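Quick note on my numbering: the sequence shown kicks off at 1 and runs consecutively.
Just so it is clear, CB atoms sit at the ideal spot from N, CA and C, and this is done for glycine as well.
Bear in mind the structure is a predicted one, so any value in this text is a computation, not a measurement.
Okay, structure first, notes after.
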Amino acid sequence: MQPDSCPIFTLNDELLQLIAAQLELEDLCNLGRVSSYLNTVINNADNVWKELYIQSFGSPPSSASSSRREQFRDRAAEDSRKRKVLRQAHIMRVRSRVHILERDVRSCQQQIHTEQCRVNTFVAEKQQIEQARQVGAALQCWQPEIVKNHHEALFAQTPITDMWRARELDMGIKDHKLALKGLLRSLQVQSAQLGKQRMRLQALLGE
Numbered sequence: 001m002q003p004d005s006c007p008i009f010t011l012n013d014e015l016l017q018l019i020a021a022q023l024e025l026e027d028l029c030n031l032g033r034v035s036s037y038l039n040t041v042i043n044n045a046d047n048v049w050k051e052l053y054i055q056s057f058g059s060p061p062s063s064a065s066s067s068r069r070e071q072f073r074d075r076a077a078e079d080s081r082k083r084k085v086l087r088q089a090h091i092m093r094v095r096s097r098v099h100i101l102e103r104d105v106r107s108c109q110q111q112i113h114t115e116q117c118r119v120n121t122f123v124a125e126k127q128q129i130e131q132a133r134q135v136g137a138a139l140q141c142w143q144p145e146i147v148k149n150h151h152e153a154l155f156a157q158t159p160i161t162d163m164w165r166a167r168e169l170d171m172g173i174k175d176h177k178l179a180l181k182g183l184l185r186s187l188q189v190q191s192a193q194l195g196k197q198r199m200r201l202q203a204l205l206g207e
């Protein structure tokens, strides 16, 4: 099709500029790519770029000597640079949050391990006391009287000491289990927060 036979080429530059002013920026750029004639008209249409400037940035361009197209291009480039800076700052904040949560999770896991070891130690000691008590009770059943009297005199205070120690161990086990329960709740919350922040960071890096 020859240019003079295409209806669009029968329009004057003013009408083409008016049509271009109604288009979205992306459509306008695409239109300029497919036709060198339209590209020339669009590039020289200050009123089109002024309208696009107002639509995009909310205020009219300055009265500088440069063309409206150049002002639009410079402002768009500056805004793009600012958006990149803000995006990088946002990524840094999220990444910092991820590192803090990772540190908190590791610390909580270490505390859980410590508390669990204490519980296990106290339980083992209490079991030893209970086993010793059972062995002592069994020995009482078959020891000769003279040996029994000797042992009773030698270890008269041992049952009392073991009884108090068993009570201390019970209290310690209860306290450490309570602390362990709180730490496990904290770990659950921190792990959930860490998972969300990691997903957020991944989404930002994927943009």
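Excluding the five sequence neighbours on either side, which residues of its own chain have a C-beta within less than 8 Å of the C-beta of residue 186, listed in chain order? 108
Do residue 194 and residue 91 have their beta-carbon atoms positioned less than 8 Å apart in this structure? Against a cut-off of 8 Å, the Cβ pair of residue 194 and residue 91 comes out as no contact.
N- and C-terminal bounds of the alpha helix (DSSP H) containing residue 56: 46-57
Who are the near neighbours of residue 104 in its chain, counting only those whose CB is closer than 6 Å to its CB and skipping five residues on each side? Around residue 104: 190.
Would you check if there are 3 or more beta carbon pairs closer than 8 Å linking the region 54-65 to the region 172-181? no
Residue 198 and residue 98: beta carbons closer than 8 Å? yes
Hey, would you say residue 89 sits closer than 8 Å to residue 126, going by beta carbons? Not closer than 8 Å, so no.
Use the C-beta contact count for residue 60: other C-beta atoms within 10 angstroms, 16 or more gives buried, fewer gives exposed. exposed
If I'm right that residue 201 touches residue 95 with Cβ under 8 Å, what's the distance once you round it to whole angstroms? 6 Å
Quick one: is residue 55 buried, meaning 16 or more other Cβ sit within 10 Å of its Cβ, or exposed? exposed
At least one CB of chain D closer than 8 Å to the CB of residue 166: is that the case? In the displayed structure, chain D is absent; only one protein chain is listed.
Nearest CA to the CA of residue 122: which residue from 172, 46, 184? 172
Applying the 10 Å Cβ sphere with the 16-neighbour rule, what's the burial state of residue 115? With 16 or more Cβ atoms within 10 Å of its Cβ, residue 115 is classed as buried.
What is the DSSP secondary structure of residue 96, reduced to helix, strand or coil? helix
Cutting at 7 Å between CB atoms, please list the residues of its own chain near residue 50, excluding the five before and the five after it. 60, 61, 68
Taking the Cβ atom as the reference point for each residue, do residue 133 and residue 170 lie within a distance shorter than 8 Å? no
Rounded to the nearest angstrom, what separates residue 71 and residue 87 at their Cα positions? For residue 71 and residue 87, the distance between alpha carbons rounds to 24 Å.
If you measure between the beta carbons of residue 112 and residue 184, is that distance less than 8 Å? Yes.
Cα-Cα separation between residue 168 and residue 110, rounded to whole angstroms: 25 Å
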